[in-house]
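These notes are about the structure you will find just below.
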Amino acid sequence: MEHVVHDRPVAPGAALLALAVEACGQLLPGATVRQLRDVSFIDLVRADPRIAGPTKYRIRAVLLEPPTGPQGEDGRVRVEVLSDITSRNGHILRRDRLHARIDVLTGPRDPAPACDAPGTGHNRSLPDPYTWSDGPISLTGVFRNVFDWDWSDRHCTARWCPPLAPRDSISHTALPVLLFDALMRLAILPLEGPRTRLKAPVRIGRVDLYQGLASDAELAVRHPAGLVLHRRRGSGHAPDCWATGADDRVLHSFTDHEEIELDPPALAPSLVPPAISQPRSSTPGSPGGELRHGPPTTLTITGTAPRSWFTIEHVVTVGDTSAVGPVYYARLIDWQGRCHEHAGMLTAPRFSSDLPGSYAMVTQFCSCEYLKKLVYGDRVAIRLTVRWVRLHLMKAGFVYHRITEPGQPDGELIARGEQLWASTRQVEGHFQPCPWPRELADSAILLGADTRRAQIEPGPVNDHPCDDRAARRDVIRRGPKAAPHRTIRPAPQETRR
2 MEHVVHDRPV APGAALLALA VEACGQLLPG ATVRQLRDVS FIDLVRADPR
52 IAGPTKYRIR AVLLEPPTGP QGEDGRVRVE VLSDITSRNG HILRRDRLHA
102 RIDVLTGPRD PAPACDAPGT GHNRSLPDPY TWSDGPISLT GVFRNVFDWD
152 WSDRHCTARW CPPLAPRDSI SHTALPVLLF DALMRLAILP LEGPRTRLKA
202 PVRIGRVDLY QGLASDAELA VRHPAGLVLH RRRGSGHAPD CWATGADDRV
252 LHSFTDHEEI ELDPPALAPS LVPPAISQPR SSTPGSPGGE LRHGPPTTLT
302 ITGTAPRSWF TIEHVVTVGD TSAVGPVYYA RLIDWQGRCH EHAGMLTAPR
352 FSSDLPGSYA MVTQFCSCEY LKKLVYGDRV AIRLTVRWVR LHLMKAGFVY
402 HRITEPGQPD GELIARGEQL WASTRQVEGH FQPCPWPREL ADSAILLGAD
452 TRRAQIEPGP VNDHPCDDRA ARRDVIRRGP KAAPHRTIRP APQETRR
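Here my numbering is used: the first residue of the sequence shown is 2, the next is one more, and so on.
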């Protein structure tokens, strides 16, 4: 139910491309897939609500051109997605209804070209239009992975950063379904106004797989800052859409693709301001407090929904280091906890001021991946985002950046971590799962979470995740009088996801 068209779950077109690649692998084991050609999306692949259980579809693969070499040189396989139309009592009315047709070409891949596209020259940083309200397409969960949409007269860009979920099968297919679905959505740019018609693909002339097959999960690990998506307008025979990594080499590209517009138009939401910062003083008892060592903590919320980052900063002292010099590994886990607590003080003040009781937000999983070392005197920014809230579970991501000055929005990636919490209440001496308090759910929304599948306690829904938003936003902007005010812009890499 995370990819819905006109209120019905629909398989994304990119998933059909992944099925075609899998079918080719069954027909030509060991062959290298280099291109997809003449892709046609003819009818939606969706669940039939009249029939209990999964709707049945068939995949038919036919070898059009046998390969001529060990890597499958010059091989071509045609893959079709089919189904039968049946009556309510199960009688087949029509066999082999065609939903999609894809030709898969095998053989050595072309070398990856460099991206020569200019920047847009703008800084709109809009959220994904496919998450706007009232539109015919609704994307939630792992499909909410494109941020910072922007465009100029001849070039459009966005940033792809997938919020991968545990045991999420669609993120582990050989072809990156989430990335290809995001590239298809880029065709909606440029936007003409607050109301816009969403587009769905109907044909792609060619898909080039320059850097081979890799799942969305693998790409997320290889490119922690995300991938940049590009679309060239009026490109003729050049690639229409493509994705690049930090080295500006093209991973995959689409050429000669067509879309149709869907009704009704989607309505743009009221955007969260692009930057909210609250410089903190060292005054005891201030909501943000300070870390045990070094200068006062800097609290920052950057970015627009649906991806925001809460930041604290810390200067490494001798007490943070191990006997051999670098920061002791357990310190980073400690900083994750502090970042989480400071975020709660700012975004859920009522809950944070009344911790004693039967309710507990308990940690079920915590991890940290150490990429580079920190040493005495380094300034580090610990950044928190909430990826999703599902049932009674909440998953957050952390990134650690070495920075050179207070408030720096980017920096050198040092480590990244994850933490999974459960909402529980103590009953007869045991903690049992329970719905999330409304204030904590609103706090998670402010920090970028998708909460559509969350269990939330009944209560009034605020029109903004922060209560008294005008007053609190004014406090956040002004900060304590003793501290200089500084507005932090969204970072160009990890903090602008």
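Glycine included, every Cβ here is placed at the ideal spot set by N, Cα and C.
Proximity winner among the options, relative to residue i (alpha-carbon distances)
i: ALA19; options: ASP321, HIS224, LEU180; result: LEU180
i: THR364; options: ALA397, ASP39, CYS242, LEU263; result: ALA397
i: GLN72; options: VAL11, LEU252, PRO109; result: PRO109
i: LEU375; options: VAL317, SER254, ARG196, GLN420; result: VAL317
i: ARG232; options: ARG155, GLU342, ILE103; result: ARG155
i: ARG453; options: GLY408, SER139, VAL46; result: SER139
i: ASP8; options: LEU394, PRO164, ASP264; result: ASP264
i: GLY213; options: VAL229, ARG234, ARG250; result: ARG250
i: PRO266; options: ALA423, LEU199, PRO436, ILE43; result: LEU199
i: VAL80; options: ILE103, MET362, THR132; result: ILE103
i: CYS340; options: HIS92, VAL387, LEU372; result: VAL387
i: MET185; options: TRP243, LEU64, GLY70, TYR329; result: TRP243
i: THR107; options: ALA445, ARG98, CYS25, VAL319; result: CYS25
i: TRP161; options: SER88, GLU370, ALA247; result: ALA247
i: LEU499; options: LEU372, PRO114, TRP310, PRO177; result: What is shown of the chain runs 2 to 498, which leaves residue 499 out entirely.
i: PRO67; options: TYR58, ARG59, ARG77; result: ARG77
i: ARG403; options: VAL328, LEU421, ARG145; result: VAL328
i: CYS369; options: ALA159, MET362, GLN420, VAL325; result: GLN420
i: THR197; options: THR158, PRO130, GLU260; result: PRO130
i: LEU268; options: CYS116, ASP451, VAL143, GLY136; result: GLY136
i: GLU406; options: GLU260, PRO13, GLY378; result: GLY378
i: PRO164; options: VAL11, GLN456, ILE457, ASP451; result: ASP451
i: VAL310; options: GLY320, VAL325, CYS116, THR348; result: The residue you asked about is not Val; residue 310 is Trp in the sequence shown. Of the candidates GLY320, VAL325, CYS116, THR348, the one whose C-alpha sits nearest the C-alpha of TRP310 is THR348.
i: LEU64; options: ASN90, GLN27, ARG47, ARG98; result: GLN27
i: ILE261; options: PHE42, GLY338, GLU23; result: PHE42
i: ASP241; options: GLY345, TYR330, LEU187; result: LEU187
i: ILE93; options: LYS57, ASP111, PRO128; result: LYS57
i: GLU513; options: GLU259, ALA445, ARG96; result: For residue 513 there is no data in the structure shown, the boundaries of the chain being 2 and 498.
Bridge partners - residue i, DSSP secondary structure assignment
i: GLY398; result: THR386, GLU419
i: TYR360; result: ARG426
i: ALA267; result: THR197
i: GLU413; result: ARG403
i: TYR329; result: DSSP lists no partner for TYR329.
i: GLU259; result: ARG204
i: HIS4; result: LEU140
i: ASP451; result: TRP389
i: HIS231; result: THR158, TRP243
i: CYS1; result: In this structure the chain extends from 2 to 498, so residue 1 is not present and cannot be described.
i: HIS431; result: VAL428
i: THR322; result: VAL328
i: ILE457; result: TRP437
i: LEU37; result: VAL105, VAL208
i: PHE352; result: Its beta-bridge partners do not exist; DSSP assigns none.
i: HIS253; result: LEU210, ALA244
i: VAL316; result: ARG380
i: VAL11; result: ARG47
i: ARG59; result: LEU83
Inter-residue CB distance, residue i and residue j (contact presumed, cutoff 8 angstroms)
i: ARG207; j: THR256; result: 4 angstroms
i: LEU385; j: LEU448; result: 7 angstroms
i: GLU440; j: ARG380; result: GLU440 to ARG380, Cβ: 32 angstroms. No contact.
i: VAL390; j: TRP336; result: Not confirmed; about 23 angstroms, so no contact.
i: GLU3; j: THR141; result: 5 angstroms
i: ILE383; j: THR312; result: 7 angstroms
i: ILE171; j: ALA16; result: 7 angstroms
i: LEU252; j: LEU230; result: Contact flag wrong, Cβ pair sits at about 10 angstroms.
i: ASP182; j: PRO13; result: 5 angstroms
i: ALA423; j: LEU394; result: 6 angstroms
i: ALA345; j: PHE352; result: Just to set this straight, residue 345 is Gly in the shown sequence, not Ala. Their Cβ separation, rounded to whole angstroms, is 7 angstroms, which keeps GLY345 and PHE352 in contact under 8 angstroms.
i: HIS100; j: VAL46; result: 5 angstroms
Residue i: CB within 7 angstroms of a non-hydrogen atom of the ligand NAP
i: ALA19; result: In the structure shown, the ligand NAP is absent, as is every other ligand, since no ligand is present at all.
(request) Answer yes if the segment 430-446 comes into contact with the segment 400-416, meaning at least three C-beta pairs across the two stretches below 8 angstroms, and no otherwise. (result) No, the segment 400-416 does not touch the segment 430-446.
(message) Just to confirm the assignment: which complete beta strand (DSSP E) runs, minimum length 3, are found wholly within the segment 124-203?
(response) Qualifying beta strand (DSSP E) stretches, in chain order: 138-140, 147-152, 156-161.
(request) Examine the Cβ distances between the segment 147-156 and the segment 387-407 and report whether three or more of them are shorter than 8 angstroms. (result) Touching, no, given that fewer than three Cβ pairs across the two stretches are closer than 8 angstroms.
(request) Spell out a yes or no on whether the segment 83-91 and the segment 30-40 are touching, meaning 3 or more CB-CB pairs, one atom from each, closer than 8 angstroms. (result) Under the Cβ criterion (8 angstroms, minimum of three pairs), the segment 83-91 does not count as touching the segment 30-40.
(message) With three or more beta-carbon pairs closer than 8 angstroms as the criterion, would you say the segment 25-36 touches the segment 186-201?
(response) No, because fewer than three Cβ pairs between the segment 25-36 and the segment 186-201 fall closer than 8 angstroms, the two stretches do not touch.
(message) Within 8 angstroms, do at least three Cβ pairs link the segment 197-207 to the segment 218-231?
(response) Flag = no, the segment 218-231 and the segment 197-207 do not touch.
(message) If we require 3 or more residues per run, which beta strand (DSSP E) segments fall completely within the segment 61-120?
(response) DSSP runs (the beta strand (DSSP E)) wholly in the segment 61-120: 76-87, 93-107.
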